[in-house]
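Protein sequence lines, in the order shown, are assigned to chains V and U.
Under this note's numbering, the first sequence has 344 at position 305, and the numbering climbs by one with no breaks.
Under this note's numbering, the second sequence has 296 at position 257, and the numbering climbs by one with no breaks.
Ideal placement from N, C-alpha and C gives every residue a C-beta, glycine not left out.
Note sheet for the following structure.
Number of protein chains: 2
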Amino acid sequence: MFQFAITARNNRARTGIFSTPHGDLITPVFAPVGTQATVKTLTPEHLKDINASLVLSNTYHLYLRPGDELVRDMGGLHKFMQWHGPMLTDSGGFQVFSLAQTRQIDDEGVTFKSHIDGSTHRFTPQRSIRIQENLGADIIMAFDECSDPNDHEYSKLAMERTHRWAEICLKAKRRGDQALFGIVQGGVNPDLRAESARFIASLDTPGIAIGGLSVGETKQEMHDTLDIVTLLLPENKPRYLMGVGTPEDLINGVVRGIDIFDCVLPTRLARHHSAFAPEGRLNLMNATFARDERPIDETCDCYACKTFTRAYIRHLIVAKELLAGTLISIHNLRALIRLMERIRAYIADGTFESRVPELLKQWANNAKRRESVNG
Amino acid sequence: MFQFAITARNNRARTGIFSTPHGDLITPVFAPVGTQATVKTLTPEHLKDINASLVLSNTYHLYLRPGDELVRDMGGLHKFMQWHGPMLTDSGGFQVFSLAQTRQIDDEGVTFKSHIDGSTHRFTPQRSIRIQENLGADIIMAFDECSDPNDHEYSKLAMERTHRWAEICLKAKRRGDQALFGIVQGGVNPDLRAESARFIASLDTPGIAIGGLSVGETKQEMHDTLDIVTLLLPENKPRYLMGVGTPEDLINGVVRGIDIFDCVLPTRLARHHSAFAPEGRLNLMNATFARDERPIDETCDCYACKTFTRAYIRHLIVAKELLAGTLISIHNLRALIRLMERIRAYIADGTFESRVPELLKQWANNAKRRESVNG
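Here it is in structure tokens:
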């Protein structure tokens with residue numbers, strides 16, 4: 040369990056198989072986000088149809104509602120939401136810092152008020168692991184602190200806390216059927232990122248996550264940070280770039296040796312009527328689509344594209360029919376999963392690196408970076 | 040086309056086959072309502088899965104948005120919404136009276152303001168037919184006026200107008216691949232209902248609709264009216280009871296010789312977290328379901344019941360996740376379609392009439408009549 044076998048490489052990019060109790064992940068892989076134990080507006084059948092393999096859910100949300108003990112008592116997250124493929128939960132750390140009404144951090148943990156009802160709660164590394172064990176995902180995360188990337192002094196403090204917490208999490212972990220990943224932090228500070236990469240790499244974990252990116256830094260800073268970090272990580276463990284990202288970010292991440300991605304972008308865009316398309320992101324509410332008989336993307340094999348016209352989806356949006364969000368979510372998720380399928384095939388046949396400029400050009404108009412798409 | 044073959048009878052109840060250009064309807068049949076060219080939150084695949092056969096859509100809504108000419112230019116309603124089974128559109132009459140902001144009725148038609156943007160429009164019998172021809176459903180309705188059921192004087196006026204308009208609609212109709220049904224009106228007045236039934240029966244239409252029920256009258260008045268009307272209608276034409284109804288109404292309608300029903304109740308209840316179940320309607324938001332590992336209905340074969348627990352659906356509701364509405368809609372629609380499947384089997388084997396008390400008892404707690412579920 041949790042073996043990672045690299046099957047092909049293209050310079051730093053690699054494709055491989057990470058085995059989990061709920062099936063193999065073929066990497067690089069993009070994970071749809073099911074924050075509250077549901078990928079918004081989709082059934083598990085839809086997820087199978089788009090060839091999703093890994094699904095992420097959020098510990099902070101599920102702890103608050105319906106409660107991790109309830110999920111445990113209902114047989115765990117897989118059974119509760121009826122997704123029987125691999126799952127990943129985050130540690131709750133990022134959400135506490137971005138969503139909770141108020142929070143007080145100390146060396147042992149974080150006390151915060153729920154964004155739902157203002158009630159007071161406390162997360163510690165041990166508690167985060169216990170909650171994630173109750174949820175029962177295949178891949179779980181060490182509790183970490185994500186700091187303002189440009190504040191060097193505080194980033195050092197948060198990084199050191201993250202390192203101590205990673206050790207506590209490893210000791211606290213009891214279940215043998217979950218892979219605990221440590222998280223590299225350090226903001227956009229090269230010295231801290233190098234120190235963090237070396238420390239997290241030294242721990243006995245089956246995989247390594249990179250946190251604190253796509254939180255307001257520039258693209259160049261993200262790329263530079265990935266260059267520093269991934270070169271210091273062991274080759275034989277999967278690397279997970281948390282909360283990233285746009286199609287462009289996925290391509291640039293794979294180039295730098297990233298294996299796992301997740302992001303709410305495809306489903307969030309869908310709720311705002313925005314769809315990935317060859318000619319660039321389309322706002323399907325636009326009147327120009329009122330009589331457009333083409334699918335969103337003629338080259339796409341998803342249910343929405345094989346079945347419906349832009350004109351129909353535009354009508355659903357204007358008429359405020361929720362099916363619009365379902366159909367665009369199916370398409371946007373399939374678009375990124377299909378992109379990863381192509382990337383894997385290119386790595387396997389040795390052409391990925393040479394095709395990166397072409398891939399980036401194809402996705403250029405879909406790659407607009409949005410701030411704060413982690414939530 | 041539009042042949043109606045009765046295959047079995049049980050006293051006044053009958054089961055049969057009504058052939059349409061998009062397939063055969065096995066009657067008695069319950070039609071899900073797709074007001075705006077979508078059965079709310081469901082894909083056409085979901086409709087196939089629950090064995091839906093006839094789908095209704097609303098002329099008033101589609102005329103206003105996206106416009107009947109747009110639907111025509113996109114290939115008609117079947118192609119637009121990708122439902123390739125039989126479809127039915129109403130005439131727009133009922134919606135003008137129940138939804139439009141203001142309306143002025145005269146002997147030639149109705150002038151009204153859109154409930155969407157206040158713009159002024161006019162429907163006449165000819166216009167209603169032209170719109171329905173643009174939409175292209177298999178079964179279309181004559182333009183009618185639905186009056187206050189207890190106002191005898193006005194009901195007579197409205198009925199006479201409805202009769203004149205039915206004749207105009209028949210003359211206006213041009214397409215040979217659409218079945219135009221006349222509509223019996225007359226409120227809850229036995230003399231008017233008898234007169235209307237005789238008049239509409241005298242027209243050359245392949246089927247007959249009964250309007251103006253489930254609009255505020257008592258159950259007894261509905262049953263008495265059906266008793267009067269159906270006994271005066273020809274045996275060889277399907278009878279469609281518009282906008283009805285609850286499970287109890289379906290059973291009581293079939294007993295009185297009704298063949299086609301439609302109602303928004305299943306999907307509207309779903310949006311209010313209410314599900315049909317053997318023990319009576321469940322409000323699935325109730326805290327008693329938080330740890331209930333049973334499906335909504337253990338005897339149900341729908342995707343929601345075969346896949347998810349009440350606990351999970353309750354979590355989706357509390358977390359305001361739209362998938363809840365999708366799952367409950369699938370179940371509620373399947374429940375009524377399954378009821379009709381059972382009724383058809385009982386009529387075929389000659390046991391329906393003797394089973395009516397048992398059926399009514401089974402559905403007693405689900406049968407609460409809600410006012411105004413036509414919209």
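**Asked** If you pair each beta-carbon of the stretch 306-324 of chain V with each one of the stretch 368-384 of chain V, do three or more pairs fall below 8 Å?
**Response** Result yes; three or more Cβ-Cβ pairs closer than 8 Å.
**Message:** Please report the distance separating the alpha-carbon of F136 of chain U from that of L321 of chain V.
**Reply:** Rounded to whole angstroms, F136 of chain U to L321 of chain V spans 38 Å at the Cα level.
**Request:** Could you tell me the distance, in whole angstroms, from the CA atom of R237 of chain V to the CA atom of N291 of chain V?
**Result:** Taking the straight line from one Cα to the other gives about 22 Å.
**Prompt:** If you measure from the beta carbon of D112 of chain U to each beta carbon in chain V, is any gap under 8 Å?
**Reply:** So, interface residue.
**Request:** Give the residues of chain V in contact with M120 of chain U, contact being defined as C-beta atoms less than 8 Å apart.
**Result:** Y351, listed in chain order.
**Asked** Can you find a CB in chain U that lies within less than 8 Å of the CB of Q75 of chain V?
**Response** Chain U contact via Cβ: present.
**Prompt:** Who pairs with A47 of chain V in a beta bridge, going by DSSP?
**Reply:** A47 of chain V pairs with V:T54.
**Request:** Within 10 angstroms of the Cβ of E234 of chain V, are there 16 or more other Cβ atoms? Answer buried if so, exposed if not.
**Result:** Its Cβ being crowded by 16 or more others within 10 Å, E234 of chain V is buried.
**Interface residues of chain U facing T306 of chain V [CB-CB closer than 8 Å]** = In chain order: nothing, as chain U lies at least about 11 Å away.
**Item:** Top-ranked residue by Cα proximity to E84 of chain U, from V:S153, V:A343, V:I356 and V:A176
**Value:** Closest option to E84 of chain U, judged by alpha-carbon separation, among V:S153, V:A343, V:I356 and V:A176: V:A343.
**Prompt:** Going along the chain, which residues of the stretch 327-338 of chain V sit with their C-beta nearer than 8 Å to a C-beta in chain U?
**Reply:** Residues passing the 8 Å Cβ filter: A329, R330 and E332.
**Message:** Counting only beta-carbon separations shorter than 8 Å, does K79 of chain V have a partner in chain U?
**Reply:** Interface criterion met: the Cβ of K79 of chain V is under 8 Å from a Cβ in chain U.
**Request:** Round the Cβ separation of P317 of chain U and T338 of chain U to the nearest angstrom and send it over; I've been treating them as touching at under 8 Å.
**Result:** Confirmed, Cβ separation roughly 7 Å.
**Request:** Evaluate Y193 of chain U with the Cβ neighbour count: other Cβ atoms within 10 Å of its Cβ, from every protein chain shown; 16 or more gives buried, anything less gives exposed.
**Result:** Exposed: under 16 other Cβ atoms inside 10 Å.
**Prompt:** In this structure, does DSSP put D145 of chain U in helix, strand or coil?
**Reply:** D145 of chain U sits in a strand when the DSSP states are folded into three classes.
**Message:** I want to see whether chain V comes within less than 8 Å of H61 of chain U, judged by CB atoms only; does it?
**Reply:** Answer no: the Cβ-Cβ gap between H61 of chain U and chain V never drops below 8 Å.
**Three-state secondary structure assigned by DSSP to V294 of chain V** = Three-state DSSP puts V294 of chain V in a helix.
**Request:** Buried or exposed for K212 of chain V, please, with buried defined as at least 16 other CB atoms from any protein chain shown within 10 angstroms of its CB.
**Result:** Buried.
**Prompt:** Should I247 of chain V and R278 of chain V be called a contact, given that it needs their Cβ atoms to be closer than 8 Å?
**Reply:** In this structure, I247 of chain V sits near R278 of chain V, with a CB-CB distance shorter than 8 Å.
**Asked** Given P286 of chain U, which residues of its chain have a CB within under 8 Å of its CB, disregarding the five upstream and five downstream residues?
**Response** Same-chain partners within the cutoff: F315, A374, L375, L378, W402, N405 and A406.
**Prompt:** At what residue ranges does the stretch 49-115 of chain V contain a whole run of the beta strand (DSSP E), taking only runs of 3 or more?
**Reply:** You should have 52-59, 62-66, 68-70 and 94-96.
**Message:** Less than 6 Å between C-beta atoms, sequence neighbours within five positions excluded: which residues of the same chain meet that for L289 of chain V?
**Reply:** Closer than 6 Å at the Cβ level, and outside the excluded window around L289 of chain V, lie F300.
**Prompt:** Taking the alpha helix (DSSP H) that F391 of chain V falls in, what are its first and last residues?
**Reply:** Counted as a single uninterrupted DSSP element, the alpha helix (DSSP H) harbouring F391 of chain V occupies residues F391 to Q401.
**Message:** Would F347 of chain U pass as an interface residue toward chain V - the criterion being a Cβ-Cβ separation below 8 Å?
**Reply:** It does; some Cβ of chain V falls within 8 Å.
**Where V357 of chain V meets chain U, residues with beta-carbon distance less than 8 Å** = Correct list: R104 and P105.
**Item:** Segment limits, beta strand (DSSP E) that includes L219 of chain U
**Value:** A218 to V223 is the span of the beta strand (DSSP E), which, as asked, contains L219 of chain U.
**Prompt:** In chain U, which residues lie less than 8 Å from L362 of chain V when you measure between Cβ atoms?
**Reply:** Result: T77, K79, T80, L81 and T82.
**Prompt:** How would you list, in chain order, the residues of chain U whose beta-carbon sits under 8 Å from the beta-carbon of H123 of chain V?
**Reply:** Here the premise fails: no neighbours, minimum Cβ distance about 11 Å.
**Prompt:** What number of angstroms, rounded off, separates the C-alpha of D190 of chain U from the C-alpha of G319 of chain U?
**Reply:** Answer to the nearest angstrom: the Cα atoms are 35 Å apart.
**Item:** Distance CB(L361 of chain V)-CB(T80 of chain U) smaller than 8 Å
**Value:** Closer than 8 Å, so yes.
**Asked** Under a CB-based cut-off of 8 Å, is H36 of chain V close to chain U?
**Response** The structure shown does not extend to residue 36 of chain V, since chain V is modelled only from 40 to 414, so the question has no answer here.
**Request:** Identify, in the order they occur along the chain, each residue of the same chain with its Cβ nearer than 7 Å to the Cβ of L116 of chain U, setting aside the five sequence neighbours on each side.
**Result:** Within its own chain, the residues whose Cβ lies closer than 7 Å to the Cβ of L116 of chain U, once the five positions on either side in sequence are excluded, are A76, S96, V110, M126, L174, G175 and A176, listed in chain order.
**Prompt:** Taking 8 Å as the CB-CB limit, is L109 of chain V close to chain U?
**Reply:** Yes, L109 of chain V counts as interfacial toward chain U.
**Request:** Specify, as a first and last residue, the run of the beta strand (DSSP E) that L127 of chain V falls within.
**Result:** L127 of chain V -> beta strand (DSSP E) spans M126 to T128.
**Message:** Less than 7 Å between C-beta atoms, sequence neighbours within five positions excluded: which residues of the same chain meet that for V357 of chain U?
**Reply:** In chain order, M324 place their CB closer than 7 Å to the CB of V357 of chain U, counting only its own chain and leaving out the 5 sequence neighbours on each side.
**Message:** What residue range does the alpha helix (DSSP H) around I155 of chain U cover?
**Reply:** According to the DSSP assignment, I155 of chain U belongs to no alpha helix (DSSP H), since it is labelled neither H nor E.
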